[in-house]
Amino acid sequence: MHERNDILTAAAAALRDARSVAVLTGAGVSAESGLSTFRDAQTGHWAKYDPMQLATPEAFRRDPELVTRWYDMRRQAALAANPNDGHRALAEMQRTLAARDGRFTLITQNVDGLHARAGSTDVIELHGSLRHWRCFDCGRAGADLPSPLTEFPTPCDCGGYMRPGVVWFGESLPTGAIDRAAEAAASCDVFLTVGTSAVVYPAAGLIHVAHEAGARTIEINRDATDVSELVTWRLAGPSGDLLPHLMQLAFPTD
Ligand code: BJW
Ligand code: ZN
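Structure below.
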């Protein structure tokens, strides 16, 4: 059994030596910004609904009002939230790698936009975004929609309804997003997975792609996950603490 500090030191050394780093984040990275994770219990009125049953095209067809209200509530929560130290450490990692002519790819399953607001650039948003809505039927972009919405569901001129620009179960990921992510996973020296339960595919498959291609893998998560046994180093705890700590060890600034 290694001590946590030995694991942190080893993971930081791998990061420091890496020429190419890929990172996959999930809802846990935004937990310390006050946003509910996907599989943890929801709060208040929404506690009685199962997110797995709301994040589907079938749910939207069956009850467009309910699904529209849930996503608009989450959009408002994301807009009101602020990036935390974990988001900021990943933005700093990107700048540090860039200054050393290294390669860095940030892949997120999150739809909250907090990585970009923390200063990360070229973020691959595998599951889309809560910010961009479009018509479920004709695809018209909803750039003119009020925030918060005023009609639930919000009609489109074509007779259909507006939906959030996220990827629901059974839907394809945005064109090119998974290909870019898979290429980064297959060619990195270090793959870091943060705050994801690693149960949703094809996103979770990226960890296996990196592992099979010979990358060293680091997991930061509050709890054990489906990939905890697979990774080279597992760091148990909140990402808002562990990511800045890892950065400071890998690239000391004082
Ligand atoms: C902390 C923390 C702190 C807390 N610090 N950590 C292969 C095998 C099996 C199934 C499939 C497969 N391929 C496809 C499928 C089907 C399906 C799938 O994966 N199903 C599984 C459930 C089995 N996949 C799809 O349908 C995908 N599409 C697809 O494959 O298209 C091709 C195709 C089409 C048609 C037919 C066949 C193939 C699309 C998946 C889209 C997922 N979309 C969602 C909703 C987005 C919008 C929304 O947010 O509402 O994305 S589902 C939901 O899960 C959301 C998340 O991005 C995603 C992942 O969740 P995440 O981020 O991991 O969150 P949690 O809550 O699960 O975990 C949080 C973690 O944080 C926990 O581990 C905590 O411990 C930790 N944590 N606080 C650090 N402070
Ligand atoms: Zn329309």
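The sequence shown begins at 92 in our numbering and counts up one residue at a time.
Glycine residues also receive a C-beta, built at the ideal position from the N, C-alpha and C atoms.
From a predicted model like this one, the values you see are computed outputs, not experimental measurements.
Annotation for D235 indicates a beta carbon at 7 Å or more from all heavy atoms of the ligand ZN. Between S330 and A182, the alpha-carbon positions lie close to 14 Å from each other. For the ligand ZN, residues qualifying as neighbours are C226, D228, C229, R231, C247, C249 and G251, where qualification means a beta carbon closer than 5 Å to at least one of its heavy atoms (chain order). The beta carbon of T128 lies closer than 7 Å to those of A118, G119 and A122 in the same chain, with the five residues before and after it left out.
The continuous beta strand (DSSP E) containing R225 extends over residues G219 to C226.
Counting only residues of its own chain and dropping the five nearest sequence neighbours on each side, P255 has a CB closer than 6 Å to the CB of Y162, L221 and W224. In this model, A301 and T100 are separated by some 21 Å (Cα to Cα). Restricting attention to M253, D192, P174 and L217, the CA atom closest to the CA of S263 is found in L217.
Around the beta carbon of A103, 16 or more other beta carbons lie within 10 angstroms, which makes this residue buried. With contacts defined by Cβ atoms closer than 8 Å, V318 and T266 do not form a contacting pair.
In this structure, the beta-carbon distance from A113 to T196 falls below 8 Å. Of the candidates D270, V281 and I311, the residue whose Cα lies closest to the Cα of A294 is D270. The continuous alpha helix (DSSP H) containing F151 extends over residues P148 to R153. Here DSSP, grouped into helix, strand and coil, assigns N312 to strand. Between A146 and H178, the alpha-carbon positions lie close to 25 Å from each other. Here P174 is buried. Its C-beta has 16 or more other C-beta atoms within 10 Å. Taking each of L240, E274, D141 and L170 in turn and checking the Cα distance to I198, the smallest one comes out for E274. Within the same chain, D317 come within 7 Å of V290 by CB-CB distance, once the 5 residues on both sides are set aside.
Rounded to whole angstroms, the Cβ separation of A272 and I215 is 5 Å, and the two are in contact under 8 Å. In the three-state DSSP reduction, A327 falls in the strand class (E or B). CA-CA distance, A150 to V158, rounds to 7 Å. Counting the other Cβ atoms within 10 Å of the Cβ of Y292 gives fewer than 16, which makes it exposed.
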